[in-house]
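Chains A, B, C and D are the protein sequences, given in the same order. Numbered per UniProt numbering, the first sequence spans residues 1 to 405. Numbered per UniProt numbering, the second sequence spans residues 1 to 190. Numbered per UniProt numbering, the third sequence spans residues 1 to 922. Numbered per UniProt numbering, the fourth sequence spans residues 1 to 85. We treat Cβ as the ideally placed atom computed from N, Cα and C, and that holds for glycine. Contents: one structure, followed by commentary.
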Amino acid sequence: MTKDFPDHPDWLWSSPEPRRSYDVVIVGGGGHGLATAYYLAKNHGITDVAVLERGWLAGGNMARNTTIIRSNYLWDESAGIYEHALKLWEGLEDDLGYPILFSQRGVLNLAHSLQDVRESVRRVHANRLNGVDAEWLTPEEVKEVCPIVDVSPDVRYPVLGATYQPRAGIAKHDYVAWGFARAAAAMGVHLIENCEVTGVEVAGGRVQAVQTTRGRIAAGTVALAAAGHSSVVAATAGVELPVQTHPLQALVSELLEPVHPTVVMSNAVHVYVSQAHKGELVMGAGIDPYNSYRRRGAFHIIEQQMSAALELFPIFARAHVLRTWAGIVDVTPDASPVVGTTPVDGLLVNCGWGTGGFKATPGVGWCYAHTIAHGEPHPLNAPFSLERFTTGALVDEHGAAAVAH
Amino acid sequence: MAERLSPPARFTPVSSDDLRIAEVPFLTQINLRVDPKSRAAADIGLALGAPLPTDPGTCTSAQADVLWMGPDEWLVVGERGDDPEGTIRAAAGTAHVGITDVSAQRTVISVDGPRSRDLLAHGCALDLHPRVFGPGRCAQTMLARALVVLAATGEEGFRVFVRSSFAGYLADWLLDAAGEYLRKGTVTSR
Amino acid sequence: MTSRRMAGWQGEPVRFRFDGRDYEGVRGDTLASALLANGVRTVAASPALGRPRGIYAAWTEEPNALVRYGVEPMAQATTLDLTEGLDATSLRGRGRLSEEPDTSRYDAVHAHCDVLVVGAGPAGLAAAAAAAGTGARVIIADDRPVAGGSLPDTAETVGGVPGDEWAATTLAELGGRPDVRVLSRTSVFGYYDDNYLVAVERRGADAYSRERVWRIRARQVVLATGAHERPIAFAGNDRPGVMLAGSARAYANRHGVLPGARAVVFTTNDSAYAAARDLAAAGVEIAAIVDTRDTAGHAQDGTEVLTGHVVTAVGGDEGVSSVTVSGAGHVDREIEADLLLVSGGWNPLVHLFSQAGGELRHDDATGSFVPGPVRQAVEVAGAARGVFTLAGCLEDGAAAGARAAEAAGFRMGDAFRIPETPAEEPAEPAAHLWLVEAADYATHFVDLQRDVTVADVMKATGAGLRSVEHVKRYTTAGTAHDQGKLSGVLTSAVVGHALGLPLADLGTTTFRAPYVPVGFSTLAGRDRGALHDPVRTTSLHEWHVAYGAPFENVGQWKRPWYYPRAGEDMEAAVLRECHAVRTSVGAMDASTLGKIDVQGPDAAEFLDRLYTNMMSTLKVGAIRYGVMCRPDGMVFDDGTVIRLADDRFLVTTTTGNAAAVLDWMEEWLQTEWPHLRVYCTSVTEHWATVALAGPGSRDVLAGLAPGLAVDAASFPFMTWRDTEVAGLAARVCRISFSGELAYEINVNAWDGLALWEAVMGTGTVTPYGTETMHVLRAEKGYPIVGQDTDGTVTPADLGMDWVVSKKKPDFIGKRSFARADTSRPDRKHLVGLLPADPGRLLPEGAHLVETGTLPEPPVPTLGHVTSSYRSAVLGSTFALALVSGGRDRMGEELYVPLGDELVPVTVTSHILYDPEGARRDG
Amino acid sequence: MLLIPCPWCGPRDEAEFHYGGQAHVAYPENPAALSDEEWARYLFFRDNPEGRFAERWNHTAGCRRWFNAVRNTATNEIEAREVIA
Ligand SMILES: Cc1cc2nc3c(=O)[nH]c(=O)nc-3n(C[C@H](O)[C@H](O)[C@H](O)COP(=O)(O)OP(=O)(O)OC[C@H]3O[C@@H](n4cnc5c(N)ncnc54)[C@H](O)[C@@H]3O)c2cc1C
Ligand SMILES: NC(=O)c1ccc[n+]([C@@H]2O[C@H](COP(=O)([O-])OP(=O)(O)OC[C@H]3O[C@@H](n4cnc5c(N)ncnc54)[C@H](O)[C@@H]3O)[C@@H](O)[C@H]2O)c1
Ligand SMILES: Cc1cc2nc3c(=O)[nH]c(=O)nc-3n(C[C@H](O)[C@H](O)[C@H](O)COP(=O)(O)O)c2cc1C
Ligand SMILES: [Zn+2]
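Next comes the structure, spelled out in structure tokens:
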């Protein structure tokens with residue numbers, strides 16, 4: 001097997017039989033569920049915890065995302081939680097004792113119109129006030145950071161500049177999940193695969209247990225971390241979520257010798273691409289417009305993606321698409337997550353990360369564990385309550401056109 | 001007074017044994033909205049010389065070409081200088097109809113010849129097989145990345161109605177795609 | 001080097017280079033067959049371990065022989081046509097992108113059919129012939145250059161003639177039918193919902209397009225894609241000289257190439273005996289057949305068969321030199337050989353079926369995964385569903401083709417007559433062996449292309465992994481260029497072995513498009529460069545180009561940004577244009593504004609519901625500015641509304657929102673208010689619009705429109721007139737986006753250029769672009785939706801309470817104004833900013849803070865600069881900004897942090913110029 | 001590329017349509033009478049089932065008509081559709 005990679009540990013996790021009751025049941029063994037379990041054990045000493053996963057561990061969006069990590073979000077609330085996550089990423093490999101190949105190679109967000117430029121500069125200034133490293137680069141500077149981007153004026157939507165976050169980057173998604181899983185399992189958390197939660201039992205306004213394909217499991221707290229399936233699980237407890245589920249596609253090329261030193265994202269031309277550690281170009285494609293739980297998108301979206309990619313990167317012309325796939329993502333009206341309490345006592349929710357929750361994994365795990373342990377939100381996730389839809393205090397990363405990945 | 005100009009004026013007609021592409025500018029076009037079951041619809045049909053086509057995707061041709069655009073919407077196309085608007089207004093009287101002159105909204109590109117279907121198939125997802133989309137058929141659809149109204153004018157002839165702001169794009173696209181079918185006996189003329 | 005071409009094999013010579021050395025092959029070769037013919041055994045080093053690797057297979061399943069050539073970063077030597085002068089270099093796992101531009105053209109075609117047949121082997125040809133006989137429209141696609149699927153590999157006869165001949169004739173006949181399309185060298189690589197399939201046709205460097213994507217919508221699909229031979233994991237199974245038995249047979253029969261001189265055959269089933277026979281006939285010495293079963297198949301007389309044996313070691317570093325075989329109760333034997341042919345049975349090619357949503361079923365008889373239930377309209381025929389005899393495949397294909405045609409509505413026409421095939425020997429049941437057990441699994445390779453061994457798989461299962469998906473990701477097996485065509489099921493089987501679970505329970509990893517790698521530029525097709533996204537232009541575009549205007553991209557539109565004169569930079573040009581409008585007269589192309597004709601008895605009522613202000617009270621002949629909100633109360637669009645008649649309005653929208661506003665109107669009309677009698681029609685491009693602005697505009701208009709009374713009393717602000725301008729039928733609106741006396745002249749778009757030229761012909765009018773328009777409107781505090789708003793801004797935030805009707809019981813967005821957050825006093829308001837230093841231009845997007853020294857982050861922001869310009873008329877720079885509680889901060893000093901500096905600014909009204917509106921009447 | 005059956009134009013490629021989300025969510029009779037919670041529900045909360053889903057489509061590149069369809073979000077199969085009258 002590819003030997004230019006650090007070796008995996010010889011032990012990852014075991015597969016215990018589920019017990020009949022836990023203090024905390026986490027529904028969904030993706031990155032968020034696993035990180036939450038880890039910080040519950042580590043920060044709060046809560047280890048009577050089960051993470052229930054309907055399929056194979058971290059086989060949902062965690063296995064499917066383009067691994068972009070950055071914290072240069074527009075609004076203070078977003079910057080707060082993503083920057084917290086980024087700081088955790090910076091120490092995560094040591095913390096977990098697992099090579100997660102976190103590579104701070106920087107992220108460029110390209111601007112292609114005067115309106116893009118305004119929004120980008122706005123974000124750079126907001127980021128600086130929030131202590132997030134951010135720069136505005138001219139096209140020439142873009143070329144220095146990423147020589148293969150075509151910054152000439154004669155493309156359909158020329159590059160007018162870019163925001164740059166040097167501390168941003170990518171990590172190896174599976175290793176991140178396995179690192180959290182291993183560390184949580186080592187502290188006594190039960191990781192239970194092939195265990196689908198089919199119902200949440202509520203009595204007297206309080207959560208009692210979950211029904212699963214492996215039997216009923218009682219729980220003091222049930223914490224959802226089911227990403228695209230959040231609505232389905234929450235509905236069994238009578239809780240409605242402002243979330244719609246859509247396929248989001250990605251693709252990889254064959255392994256190539258290094259050509260792409262950083263991460264490039266373009267909202268207007270719809271490209272985001274990096275070259276992963278092995279050498280494959282990893283590229284995100286668009287979101288399919290309709291609700292669907294199929295982990296597959298439509299092909300014309302890939303075709304458009306390729307046309308967009310070649311506008312910016314003519315050198316990719318003869319690269320090949322090796323594999324395409326999709327995850328199903330949970331999209332909220334304001335493109336910001338929902339993390340906090342629900343009208344049901346003991347039922348907590350973490351969802352709505354849509355196209356961009358990988359980067360938040362350690363940050364949200366940290367805050368969600370706090371919320372579970374204290375029964376109320378951590379200050380960093382307090383703005384991301386369900387109530388904001390009633391008051392109107394949205395954290396509108398959509399409206400502000402900041403990119404969500 | 002300066003001469004009238006159609007936006008894709010830079011578009012040079014091309015023709016070969018297999019394919020002919022040219023612009024047909026300055027046609028009169030009226031967008032007509034009316035309840036197909038209404039008296040006004042019948043009267044308008046009478047005035048235009050043929051009932052308004054109510055089968056989706058069909059067109060009739062009498063005093064003007066009438067293209068089905070939707071269940072209560074038609075595009076009435078006359079030759080340059082025709083006045084179907086007057087005819088329609090007179091027939092509709094005071095009934096609730098929508099009559100809008102959209103003559104300059106779209107221009108028309110004609111695509112003719114044995115390879116016309118092959119050319120359009122590069123950018124149009126409709127099944128253009130003669131059994132499915134023969135003379136008398138029309139459709140609003142996409143051609144490449146432009147919205148068009150496509151009408152089959154003959155066994156191997158089509159009219160492509162395209163919004164004038166997209167006409168330059170579409171002309172470029174058509175010429176690029178047509179290259180393959182223009183090798184035999186190509187003539188370009190102004 | 002010795003030629004390994006069969007004696008007497010004819011072919012036109014083709015010269016080529018490989019890794020810097022010159023060779024010769026023949027036309028019809030692949031690079032792989034030509035290399036083998038030249039005796040080249042080692043064609044690559046393995047990616048991680050650097051082990052020598054040889055050609056292992058003969059088509060798309062090849063894991064080892066990857067090369068790059070020209071601008072192509074990675075290709076399989078086994079599928080690459082040998083062409084004169086080909087200069088290829090071997091790869092070690094990774095390709096290299098070329099700096100040379102790819103000058104080829106690519107395109108796509110949509111196609112429709114009643115029956116799509118994938119695969120032109122015996123099953124596919126029979127299916128296509130049977131379907132075509134009914135009159136159904138048929139497409140048959142096959143990825144190979146030559147018809148017949150595996151027939152040319154096996155040299156079997158069909159209908160008494162060689163299989164390839166039969167196939168060529170059958171395909172030619174099919175191609176001659178009017179409603180059949182034959183696509184060769186075409187790989188169907190994706191199978192999507194509603195029987196939508198995508199294929200790539202390799203048309204060649206000389207074709208108009210090098211590669212073409214076929215987008216096929218099929219009513220019925222027949223998958224006749226054949227099967228891949230299965231490898232077996234044993235020690236040293238990656239040595240050059242180890243090859244799939246059927247592939248070696250293909251090299252002999254298809255290309256007249258002998259991949260070795262003396263071969264050991266290692267098999268679990270009968271198919272390798274046929275391969276051995278063909279190779280022997282071609283001149284390869286068969287040293288022994290090593291059969292894992294206790295009963296031998298039908299070997300050629302004189303061939304030694306070792307039943308109940310397996311291969312336990314392979315000798316030779318650079319390539320096979322000997323093979324060690326073991327069998328229970330026998331002493332190990334080392335057999336000299338330079339070729340080791342392997343057959344572990346056959347895996348039906350279920351990729352497309354699985355992509356179609358079909359479920360796979362494990363078939364114990366063949367030891368493979370075969371098609372199970374599926375919801376789409378698809379049939380699977382031949383080896384692709386585990387039928388492994390020629391006669392069976394022909395029959396199966398014909399039946400599937402007929403069924404598919406019938407399901408598409410076609411009754412039997414001329415029936416397809418199944419051709420005769422030679423009687424086949426009764427087959428012995430196959431054994432299912434994936435792995436030769438050993439103490440050490442370090443050289444038992446499961447994925448040659450990723451250097452994954454059985455030891456790696458066992459490390460994964462040892463670490464606690466129980467899912468094949470985990471093992472795939474832990475080991476990377478199946479993730480390379482070949483996408484595990486050979487290694488996928490093998491990996492599952494090894495996991496099963498390690499965990500003691502049946503293969504049937506473990507299943508496979510997910511099959512995903514594309515079935516074969518497809519080039520980025522192939523998929524981009526024609527949508528590149530100027531055709532990447534439509535460029536929209538107005539009818540005045542050519543003039544703007546001729547006058548040297550740089551263009552601003554606004555959505556898909558190109559809008560003239562400014563018109564620099566010789567020696568002017570943008571700043572100078574814009575100051576000059578602004579000055580002209582404020583002191584004299586300027587003209588702008590405003591044609592891109594969206595225009596919607598709204599007609600019907602309920603049109604006024606309809607607009608009352610959409611706009612925040614009242615439109616029903618507008619008089620015919622008059623114009624009103626209006627704002628639309630989304631139901632959440634945030635500003636969505638703005639523009640003017642012209643009342644043309646009691647029952648008719650013309651609504652204008654922003655350039656970027658024209659389509660969205662029309663869709664918005666239709667949505668409400670059709671889905672909520674179908675009882676309203678209103679029709680909406682886009683007329684955006686029917687009209688060309690020229691904005692004439694400045695104190696001199698009245699005189700210019702008067703000169704061009706002698707029939708029009710232009711004095712302020714006859715033609716007041718916010719009214720319109722139909723008249724002739726420059727002899728053209730025109731509608732003139734007296735509206736202003738600059739605060740100056742101004743008119744918008746609308747004419748039929750065909751007349752746009754004539755109007756513009758007439759305006760310019762007066763000699764007094766300065767053309768101005770979007771930048772000047774922006775400055776002028778900002779001086780007057782007019783917001784631009786999308787620039788000064790961002791989807792979080794209400795009309796009240798913009799200081800536009802006056803545009804929000806208090807009288808109407810409801811309009812879209814109204815309810816949201818009463819929510820807690822929308823009525824917060826500290827919401828961000830649109831205000832003006834004047835920098836203390838009047839020469840200092842604030843960057844748009846800069847933020848505002850309260851204090852003159854910057855605390856440690858995070859620093860709460862008060863808001864940001866939305867628009868910022870130099871103003872000739874104000875003699876200063878100025879900005880618009882959204883500032884928390886801004887209207888209560890008039891006169892306050894705030895700070896804009898720029899780098900290390902805190903730039904002081906004063907908060908002012910957002911209306912900085914002519915707040916009394918004295919200038920609009922001239 | 002789904003094949004979506006426009007009630008008027010017949011089956012057309014998905015790319016010709018605009019998705020309108022859940023069907024049968026009526027604009028409230030009297031928004032002013034709703035509580036903030038009820039209004040939020042109208043604004044932001046929509047069903048999101050895995051399975052049968054009644055939803056709206058607009059044939060934007062064709063006849064511009066809105067219609068309703070029932071699609072299974074687990075398989076993407078459209079089971080029924082209706083004209084909005
Ligand atoms: C193609 C793609 C690209 C992306 N790119 C990026 C990116 O570049 N950067 C970024 O930050 N984010 C990105 N994202 C988003 C990111 O992947 C997600 O936001 C994030 O992974 C969500 O959290 P998670 O890891 O816990 O989700 P998941 O990994 O999806 O975890 C949820 C888990 O819940 C399980 N589950 C669901 N229902 C049940 C049930 N009833 N019982 C038990 N278990 C259940 C699921 O099987 C799943 O494993 C991308 C997403 C996709 C699909
Ligand atoms: N003796 C055995 O055990 C054994 C095993 C397998 C096959 N066979 C023989 O092989 C033959 C099988 O006939 P068949 O018609 O089923 O298959 P085939 O292998 O003859 O033909 C399939 C064709 O489809 C092509 N193809 C595969 N995937 C494709 C794709 N995605 N796009 C385009 N083309 C694609 C293949 O390259 C091939 O040309 C029979 O003669 C059978 O006897 C024998
Ligand atoms: C960052 C990243 C890199 C990947 N690289 C490869 C790769 O090199 N080869 C490959 O076959 N798949 C690669 N994949 C895709 C996976 O094989 C797989 O498609 C994805 O995890 C979704 O799972 P599924 O296709 O099994 O549903 C990659 C995925 C991600 C997220
Ligand atoms: Zn329609």
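Item                                                                                                                                                                            : Value
What's the C-alpha gap between E100 of chain C and E84 of chain C?                                                                                                              : 21 Å
Pull up the CB-CB distance for I192 of chain A and L101 of chain A, whole angstroms please, since I reckon it's below 8 Å.                                                      : That belief does not hold up - the Cβ atoms of I192 of chain A and L101 of chain A are roughly 27 Å apart, past 8 Å.
Whose C-alpha, out of C:A199, C:H686 and C:G694, is nearest the C-alpha of M588 of chain C?                                                                                     : C:G694
Going by the CB atoms, is the gap between I44 of chain B and A92 of chain B shorter than 7 Å?                                                                                   : yes
How would you list, in chain order, the residues of chain A whose beta-carbon sits under 7 Å from the beta-carbon of Y19 of chain D?                                            : P289 and Y290
I need the DSSP call for Q115 of chain A, collapsed to helix, strand or coil.                                                                                                   : helix
Can you list, in chain order, the residues of the region 77–111 of chain C whose Cβ is nearer than 9 Å to any Cβ on chain B?                                                    : R105, D107, A108, V109, H110 and A111
Would A513 of chain C and L503 of chain C be called neighbours here (beta carbons separated by less than 7 Å)?                                                                  : no
Any heavy atom of ligand 1 inside 6 Å of the beta-carbon of N61 of chain A?                                                                                                     : yes
Put N127 of chain A into one of helix, strand or coil per three-state DSSP.                                                                                                     : helix
Determine contact between the region 78–93 of chain A and the region 210–218 of chain A, defined as no fewer than three beta-carbon pairs at a distance below 8 Å.              : no
For I113 of chain A, collect the residues of the same chain with a Cβ closer than 8 Å to its Cβ; drop the 5 residues on either side in sequence, then sort them by chain order. : It should be pointed out that residue 113 of chain A corresponds to Ser in this sequence rather than to Ile. Closer than 8 Å at the Cβ level, and outside the excluded window around S113 of chain A, lie Y157, L160 and A268.
Over the uninterrupted beta strand (DSSP E) stretch that includes D107 of chain C, give me the two end residues.                                                                : Y106 to V118
DSSP has R324 of chain C in a bridge; who is on the other side?                                                                                                                 : This sequence places Thr at residue 324 of chain C; Arg is not what is there. C:A313 and C:E334.
So is D597 of chain C in contact with chain B if we call contact Cβ pairs under 7 Å?                                                                                            : yes
Do the region 155–164 of chain C and the region 469–489 of chain C make contact, defined as three or more Cβ pairs closer than 8 Å?                                             : no
How is the beta strand (DSSP E) around R68 of chain C delimited, first residue to last?                                                                                         : L66 to Y69
If you follow the beta strand (DSSP E) that C367 of chain A is part of, which residue opens it and which one closes it?                                                         : No beta strand (DSSP E) holds C367 of chain A; the alpha helix (DSSP H) holding it covers T361 to H374.
Considering only the alpha carbon of each residue, which of C:G236, C:A207 and C:V115 lies closest to V454 of chain C?                                                          : C:G236
My output table needs one value for S110 of chain B: the three-state DSSP class, helix, strand or coil.                                                                         : strand
Using the Cβ count rule (16 or more neighbours within 10 Å means buried), how would you classify W802 of chain C?                                                               : exposed
Please list the terminal residues of the continuous alpha helix (DSSP H) segment that includes P152 of chain C.                                                                 : L151 to T154
On the CB-based measure, 16 or more other CB atoms within 10 Å of its CB, does Y611 of chain C come out buried or exposed?                                                      : buried
In chain order, what residues of the same chain lie with their CB nearer than 7 Å to the CB of A404 of chain A, ignoring the 5 residues before and after it?                    : Note that A404 of chain A scores a pLDDT of 46, beneath 50, so its modelled location is shaky; the value from the coordinates is reported in the next line. Around A404 of chain A: A335, G354, T355, G356 and E397.
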